[in-house]
Amino acid sequence: MEHRITVGGMTCQGCARSVTNALHGVDPAAEVVVHLDTGTVEISSDLPRATLAAAIDDAGYEVEAG
Numbered sequence: 029m030e031h032r033i034t035v036g037g038m039t040c041q042g043c044a045r046s047v048t049n050a051l052h053g054v055d056p057a058a059e060v061v062v063h064l065d066t067g068t069v070e071i072s073s074d075l076p077r078a079t080l081a082a083a084i085d086d087a088g089y090e091v092e093a094g
C-alpha cells in the first residue's frame, strides 16, 4: 500500500533520518521517501496508515490528519 503522510516539525535532514528510522523500526521493508519541501513522507508498506503514523508520532513529530 502507498501512504502519504504530512509531518509537522520535519525541517532538516536529521529530521528526515529520524522519521525514516522510526518507520523502519515498525516495518524494516518499507520504502520511505521524505519530501522536506512539502513536509510529507511517502511510504510503501503493508502496514496500516495508523501504525505508520503512530511510529512518526512516537519519534516526536506531529502527524497531520488525513
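Under this note's numbering, the first residue of the sequence shown carries the number 29, and numbering increases by one thereafter. Ideal Cβ placement from N, Cα and C applies to all residues, glycine included.
Going by DSSP, which residues form a beta bridge with residue i?
i	result
glycine 36	Glu90
histidine 63	Thr68
histidine 31	Ile71
Assuming residue i and residue j form a contact by the criterion Cβ under 8 Å, report the distance between their Cβ atoms to the nearest whole angstrom.
i	j	result
methionine 38	leucine 64	7 Å
isoleucine 84	alanine 50	6 Å
By the DSSP assignment, the alpha helix (DSSP H) with residue i in it spans what residues?
i	result
alanine 58	Note, alanine 58: premise wrong, no alpha helix (DSSP H); not H, not E.
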